[in-house]
Structures are given as C-alpha cells and as structure tokens.
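Have a look at the structure below before the remarks.
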Amino acid sequence: MANQNQNQNQNQKKNKEDFSLKETTPNISAGRVISGDRLPTAFDLVEQMQFLFARIVRAKHLPQPCESHPCNPYVEVKLGSFIGTTKCMDKTCSPEWNQVFAFAKDRIQELVLEIVVKNKDNSNDGDPDELLGRVAFSISDIPTRVPPDSPLAPQWYKLEDQNRVKLQGELMVSVWMGTQADEAFSEAWHSDAAEASDENIAQTRSKVYISPRLWYLRVHVIQAQDLLLKNKSGGNNSEIFIQAVLGNLALRSRPMKSNTNPIWNEDLMFVAAEPFDDSLLVSIEHGNSNKHESLGSCVVPLKNVEQRIDATPPASVWYNLEKPKENEGEEVAVKFSSKLNMRISLDGGYHVLDEATNYTSDLRPASKYLSKPSIGVLELGILNAVGLSPMKKENRTDAFCVAKYGPKWVRTRTIVDSLSPKWNEQYTWQVYDPCTVITVVVFDNGNLHGGKNVVAGKNAGGKNAEAAGDRRIGKVRIRLSTLESDRIYTHSYPLINLHTQGARKMGEIQLAVRFSCPSLLNVLQTYAQPLLPRMHYIYPLSVFQLDSLRNQAAAITILRFKRAEPPLSKEVVEYMLDMRANAWSVRRGRAHFYRIASLLNGLVSLGKKFDEIRAWKNSVTTVISYFIFLFVIFCPRIILPSTFFFFLFVGIWRYRTRPRHPSHMDMKLSHADTATVDELEEEFDPFPSKLSGDNLRKKYDRLRGVAGRVLAVIGDLATQGERVQSLLSWRDPRATTLFVIFCIVAVIVTYLVPFHIIIFIWVTYLLRPPRFRFDMPALPQNFLRRMPAKSDGML
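Quick note on numbering: the sequence shown equals residues 9 to 803 in my numbering.
Printed below as a string of structure tokens:
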C-alpha cells in the first residue's frame with residue numbers, strides 16, 4: 009500500500025510539472041546573414057554579458073629574499089570576494105605568466121581591482137607568503153574594448169607596498185572591460201568557476217572539439233595457399249579461420265575445414281581514423297574458437313592501403329605470411345611459403361554512421377573529394393538554464409552544455425554552484441543537408457571535486473550514488489528542416505531525465521536558433537537527392553555490419569576525445585551519440601506500438617463510417633454516398649484529379665495551423681510518464697545483464713537482443729508512416745510547399761490526360777526491363793525519406 013501511494017504521489021507530481029515548450033523574448037540584437045560566404049562572428053543570438061578582464065603578462069626586477077630562499081612568485085587578482093591565482097614560477101625574479109582573468113560585471117561589488125604579487129613559501133613552518141608588491145585599478149577608470157578592436161596593449165606598472173610606496177619591481181598588466189565576444193574569453197579564468205581548484209580549472213573552460221574523419225576499412229579475404237598444418241591443434245575438430253586485428257579490435261572470419269588451400273571470399277569491416285598511423289595485423293589461425301595457434305601472419309600499414317571513392321574493386325594482392333615464432337633453439341627444416349590473397353581498401357564513398365540514424369547530424373561521405381558545398385549556416389545561442397535540479401550534496405550543480413552537429417562538438421564553460429547558470433555563448437556550423445539534427449545536452453561536471461558529493465537517489469538517476477563522472481541533466485534535439493530560413497527561434501526547452509525511478513523534469517534551457525540559407529534553390533535540390541552517399545545503395549552494408557561499425561566509430565571517438573584538454577568523458581560521448589538507442593525497452597516498444605496504432609486510426613474511422621453508411625444510420629448520407637459512387641463509376645477520369653484536389657485543399661487548409669515552434673521531447677509520446685519501476689530497471693539494465701544465474705542471463709540477453717531488433721523495425725515502420733503524414737503537416741515548410749506544388753501540377757495533368765493512359769504509362773514503367781532501371785533510389789523515395797517524423801521528440 010505504501011508503494012502504491014508513493015507511485016500515485018509521483019504520478020500526480022509529474023502531471024503538475026510543465027513539460028511544454030515556451031517561447032521567450034531574450035534581450036538579443038539579432039540580425040540577418042546576407043551571404044553564406046562568410047560565417048557571422050557577432051554574438052547576436054545571446055544576451056551581451058559584461059566582463060572585467062585582467063591579463064597578467066610578466067614581471068621583472070622582483071626582490072629575492074636571500075640565496076637560500078629563492079623567489080617563487082605568483083599573482084593574486086582580487087575583486088571583492090573573488091580571488092584568481094596564477095601558477096607559481098619557481099626560482100626566478102623575471103617570471104612570465106600570460107594568464108587572463110575574467111570577472112562578471114553584474115557580480116562586481118567593489119570599486120577597486122587589486123593585483124598582488126607574492127612569494128610562495130615552500131617551507132613547512134606555516135608562515136604566510138611574502139608580499140612582493142601590488143597594483144590597484146579603479147573600476148571607473150578601466151577602459152572598454154569592443155571587438156573587432158585590436159587587443160589592449162599591456163603596460164608596465166610599478167609595484168607598491170601597502171602604504172603605496174613605489175618598489176623596485178614592475179608588473180606588465182592590461183585591464184579592460186569587454187564581453188563574451190572577446191578573444192580572451194574562452195581561455196580566461198572565470199569568476200563563475202572560482203571554487204574550482206587550480207588543477208581542475210581546465211575542466212571549466214569552453215572548447216570546440218572536432219571528431220576524427222572516419223573511413224571504412226574493407227578486408228576482403230579471398231583464399232590462402234600452401235599452409236603448413238599442425239596435427240596437434242585441436243585434433244579432428246580443428247578448423248581454420250582468419251583473424252584480423254586493428255587497434256584494440258579483432259574480427260574473425262567464418263571457420264573452414266582444415267585444408268592447405270582454404271577459400272573464404274568474406275569481408276571483414278573495420279573503422280579507421282585519419283591520419284592512418286595504425287597497421288592491420290592479419291593472421292591465419294588453426295584450432296577452435298577457444299584454443300588456436302597461428303599458421304602465419306602479415307602486417308599491412310594503413311598508409312599503404314588503397315583509398316577508393318567508388319565501387320571499383322581494388323586489385324587482389326598475394327601477401328607473404330611470416331612464419332610464427334617457434335621455441336628457442338628449435339629449427340624448422342620445411343621451407344615456409346604460405347601466402348594469403350586479399351583485397352584491402354579504405355572506402356571513402358560511405359558515410360561512417362556514428363549516431364542513431366534518425367538523429368544523424370552529418371550525411372557526407374568520408375572522402376573530402378566527394379563533399380559538396382554547404383547550403384547554409386546554423387547558428388546556436390546557448391543562453392541560460394533555470395530551475396536545475398541539484399546533482400550534488402549541499403544543493404549544488406556545476407552545469408555545462410555540449411552541442412553536436414556534424415564533426416564539430418562544442419562545450420560551454422562550466423558555471424560552478426548555480427541552479428540558474430547563464431552561459432550566453434554562440435556557435436556556428438556549416439550546413440550541408442537540411443534534413444539533419446542538432447543535439448544539445450546539459451551535463452553536471454563531476455570532475456571538479458574529485459567526483460565526490462554526488463547526490464544519491466532520484467536526483468542522481470538511480471537508487472544509489474553514481475560513480476564519479478559527468479551526469480546528464482537533459483537533452484534537446486532540433487531538426488533543421490523544421491526551421492524556417494532566417495527566422496530566429498527563441499524558446500525554453502524542458503530538460504527531461506529518464507532513470508530507473510522514472511522521468512523527471514530537471515529544469516529548462518533557453519536556446520536561440522537560426523538557420524540561414526542564401527539560396528533557397530540549393531536547399532530544395534537536396535530533397536530530390538539520396539539521403540546517404542551513392543555507395544550505400546550500389547554496395548550496401550548489412551544491418552549487422554552497420555551496428556558493429558557504429559560501435560567501432562563511437563569507440564574511436566571516445567578514445568580521441570579522451571586525449572583532448574579538457575577531455576570529453578565517455579558517458580558524455582555515449583549519451584550524445586545515443587549508444588543505447590537499439591537496446592530493449594518495454595517502454596519504447598509500447599510507445600512505438602501506439603505510434604503505429606495512431607497511424608491506423610484513419611483506416612479504422614473509415615471502416616466505421618462505411619458501416620454506418622451501409623447500415624443506413626443517416627439516410628441522407630447514404631443516398632449522397634451512393635450517387636457519388638455512381639458518378640465515380642461512370643466518370644472514372646475524375647478520380648485522380650479529385651484525390652489530388654483533396655490533398656491540395658487539405659494542405660492549404662492546414663497552413664493556418666502549421667507548427668510554429670521546433671519539436672521537443674514529448675513525455676506522453678515516449679510513455680515515460682506511465683513506465684513502471686520494473687520496466688525502467690530493465691531498460692537501464694546493462695548488456696550483458698547483471699541478473700544472477702548464468703543460464704537465465706544468457707537466455708534473457710538473447711531475448712533482449714532479438715527484441716531490440718524488433719523494436720528498431722517497429723520504430724522504422726512508424727517513422728515511415730509519420731513521414732507520409734508530414735507531407736501536408738507543414739512540419740517541414742519547404743517540403744510541404746513542394747508537395748502542394750506537385751499536387752497542383754498533378755491536378756492539371758490528371759485532368760487533361762485520360763485515366764487509362766496514365767495507368768498504361770505507370771504499369772509500363774513498373775514492368776520495364778532491368779537494363780532500363782537505375783541503381784539509385786527514385787525521386788519520390790528520396791523525397792519521402794527526408795520528411796520529419798515524431799521520432800525527433802522521442803526520449
């Protein structure tokens with residue numbers, strides 16, 4: 009009873025929370041992009057924030073206490089209760105720091121900026137650090153710099169003591185008032201991160217990351233020749249297979265019966281990142297899957313592998329295998345002449361999928377020679393967040409945002425200890441296809457305090473405290489095709505976090521988005537082009553290959569971003585790329601089922617209406633329907649014009665009620681508000697399962713794997729139906745305009761051309777010989793695949 013009451017209280021609380029999208033009116037000075045040749049640099053989509061900048065360059069002629077205690081200078085920049093400290097320079101009287109400090113003007117309560125030079129006492133006697141001098145600036149006298157003005161030139165200032173007596177030492181400093189558009193803003197120490205320790209200050213800065221350019225590596229194993237088999241490997245059940253290793257990943261071919269000249273004709277697919285510094289290790293193994301030994305191997309440097317951009321197969325090469333290492337002192341009398349025939353190529357004609365297909369942000373092929381010019385510019389202003397839930401003890405949250413579009417990832421600065429952070433940072437991307445999605449996620453920085461002080465329970469996303477790391481707060485997805493050109497969208501998006509205790513609103517984030525395209529014709533042309541590069545259609549990869557390659561691509565991106573400074577953590581990259589998109593979930597299965605059911609509502613309603621007509625519930629309706637039927641029978645040429653006229657009328661009628669706001673996460677559509685705790689625990693259960701019992705776990709994981717495939721198919725079916733519905737929904741205004749124009753032309757053509765002629769042409773085209781058919785998808789199929797669907801709002 010207690011659990012039932014608790015669940016009822018939670019459901020009532022969810023119903024009271026507002027998960028809607030709200031239009032906002034921030035104080036921004038937004039303009040228009042006139043040409044696509046130059047990216048806009050003005051911060052016109054965010055509110056202007058004033059900062060006091062202080063650049064500490066170097067010092068000279070600092071006094072040295074004595075030879076036994078050398079000078080170890082550092083600088084403290086004080087403004088009220090905010091104190092920024094430079095790094096300490098050991099054993100020098102002429103240190104050079106070149107560090108910038110930024111103080112938010114709206115939090116300044118003092119009239120004087122004080123810069124103090126101190127000598128660090130490395131002894132353990134507990135004495136305070138010695139004062140070497142100070143420089144003070146009046147806030148009212150500090151000049152203002154507005155880009156594109158050149159940076160303010162630093163000057164030498166004489167150091168003073170506490171009594172304002174001039175000292176021998178000098179300090180080179182520049183102090184000015186500026187905004188977040190200043191070049192020094194991203195690398196500066198910020199007063200918003202004053203509580204972060206010196207070793208973690210890099211974790212609070214805003215950065216731009218570029219994901220590696222990825223290629224598919226195809227290893228087509230043909231056959232081996234003159235293998236030296238060993239009878240001791242596995243007995244009669246021994247088999248021969250190929251093992252290819254690239255980095256930390258090993259793939260195996262299908263096993264063959266023991267034979268000195270086995271034939272495979274099988275593809276092993278890898279993902280490789282530029283620059284191609286790694287080498288591919290290919291070996292022939294003899295034995296079984298558990299115990300095997302090498303019969304020979306070869307190493308192929310990737311820099312020597314042929315790069316191809318079309319379907320032309322590379323030349324097959326016979327590789328000489330190296331003899332496996334024998335025991336010391338053992339000699340092999342037989343001549344080793346084993347060879348392996350392979351075709352190895354780097355396929356740049358594919359787009360390497362690293363995101364969920366429905367939420368992809370880039371569709372360009374891997375080879376830059378196949379990339380087309382950009383069609384526009386996407387600008388994103390990350391303004392602020394309000395009402396964030398505490399993610400650590402003492403009701404604190406250290407929030408930052410990560411936005412991804414294409415290969416460019418951006419990370420805002422971390423606002424320490426604030427439930428209403430203000431970022432006001434603006435970023436731009438080149439757009440090559442409008443039917444793509446930008447993803448924005450808010451995270452809590454878990455690296456500032458050593459991963460401690462994590463809140464346990466529902467705020468942290470589980471029953472127990474999570475491990476140290478960046479914890480997600482909420483996600484926003486925006487499909488570019490749903491945005492009108494050159495219009496600025498300023499909305500407050502709900503941040504919804506789903507965890508084992510249910511879905512909860514974690515706050516709201518305010519964004520400003522603008523999609524600018526100088527040529528509307530270039531944008532409209534993309535709707536007739538295939539969604540993916542040509543190689544995906546003339547030489548398609550299987551679903552299992554794509555899943556494996558997507559995991560490889562994500563692993564490479566995770567490793568590459570770990571080497572950045574500051575690094576993007578594994579949990580951030582995995583959540584941005586939706587790595588658990590195909591995992592089994594009862595909640596998502598139920599959501600997809602109701603999506604399909606809603607698509608069939610029209611057919612059900614039509615069937616009910618026909619039953620009413622047949623039952624003569626309304627005599628007038630039945631009589632009118634009968635005369636319409638007779639009219640259609642005796643005038644069949646009116647069928648198609650009437651149908652297209654109906655579509656035309658519906659499209660024009662729905663223009664008044666077209667969507668005016670971007671799509672956002674929908675709680676009811678995702679069935680996140682009705683999911684039980686058991687279902688959510690199963691959804692967040694890792695793979696393989698953490699349940700006890702080996703046999704139970706194997707069966708359960710197998711069931712989840714199959715169900716995940718079924719779930720993906722159901723989702724794809726629902727997406728296809730919703731794309732058909734979106735033709736007249738004005739969700740994508742450009743696509744609906746094209747379809748309405750098509751309906752106008754279709755009405756005229758079908759009215760003038762006899763119906764039997766149209767049927768003759770259509771059937772003839774359908775039954776045309778294979779030699780007159782094309783390898784690429786037809787134009788209607790390309791157009792339909794670019795339509796938006798409700799999957800954009802799925803959690």
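Cβ atoms here follow ideal geometry from the backbone N, Cα and C, with glycine treated the same way.
Assignment of G477 by DSSP, reduced to helix, strand and coil, places it in the coil class. CA-CA distance, V410 to L348, rounds to 47 Å. Taking the CA atoms as reference points, G713 sits about 47 Å from A202.
Between S524 and D478, the CB-CB gap reaches or exceeds 7 Å. In the three-state scheme derived from DSSP, where H, G and I count as helix and E and B as strand, A364 is classed as coil. Taking 7 Å as the cut-off, the beta carbon of A374 is found no closer than this to the beta carbon of G395. With contact defined as three or more Cβ pairs closer than 8 Å, the stretch 498-511 and the stretch 411-427 are not in contact. By the Cβ neighbour-count rule, K400 is buried, with 16 or more other Cβ atoms within 10 Å of its own.
Judged by DSSP in its simplified three-state form, T152 adopts strand. Shown here, Q518 sits in a strand according to DSSP, grouped into three states. V313 is the residue among N328, V313, Y327 whose C-alpha sits nearest the C-alpha of P321. Each residue's CA atom was taken as its position, placing G729 and P526 some 32 Å apart. In this structure, DSSP gives N269 a state outside helix and strand, which the three-state scheme calls coil.
Beta-bridge partners of L506 (DSSP): A511.
DSSP places E620 within a helical segment (H, G or I) once states are collapsed to three. According to the DSSP assignment, V761 belongs to no alpha helix (DSSP H), since it is labelled neither H nor E.
The beta carbon of A281 lies closer than 6 Å to those of P220, L222, I564 in the same chain, with the five residues before and after it left out.
DSSP places K483 in the strand class (E or B) of the three-state scheme. Of the residues assessed, H69 falls on the exposed side of the cut-off, its CB having fewer than 16 other CB atoms within 10 angstroms. The C-alpha of R351 lies about 22 Å from the C-alpha of H294. Considering only L688, N171, N106, the residue with the shortest C-alpha distance to Q509 is L688. A distance below 7 Å separates the beta carbons of V279 and A561. Under DSSP, E191 takes part in no beta bridge, so it has no partner.
In the three-state reduction of the DSSP assignment, G92 falls in the strand class, which pools E and B.
In this structure, D406 lies near N453, with their beta-carbon atoms less than 7 Å apart. Taking the Cα of V439 as reference, the smallest distance to any Cα among R372, D200, P788, R419 is reached at R372.
If you look at G389, you'll find it in the beta strand (DSSP E) that goes 384-394.
By a beta-carbon distance limit of 8 Å, R419 contacts L576. Their separation comes to about 7 Å. Within a 10 Å sphere around the beta-carbon of G141 sit 16 or more other beta-carbons, which makes this residue buried. Fewer than three beta-carbon pairs drawn from the stretch 151-159 and the stretch 102-110 are found closer than 8 Å, and the two stretches are therefore not classed as touching.
Taking the Cβ atoms as the reference, L87 lies roughly 6 Å from E118, within the contact range of under 8 Å. Sorting R596, R742, V631, A605 by C-alpha distance to the C-alpha of A683 places R596 at the top. By the CB criterion at 7 Å, T32 and Q434 fall outside the cutoff.
Look at the stretch 258-335 and you find these whole runs of beta strand (DSSP E), each 3 residues long or longer: 271-281, 287-295, 300-309, 314-316, 325-328.
Look at the stretch 416-459 and you find these whole runs of beta strand (DSSP E), each 3 residues long or longer: 416-419, 430-439, 445-452. Nearest in C-alpha terms to Q58, of all of Q188, C79, K166, P156, is Q188.
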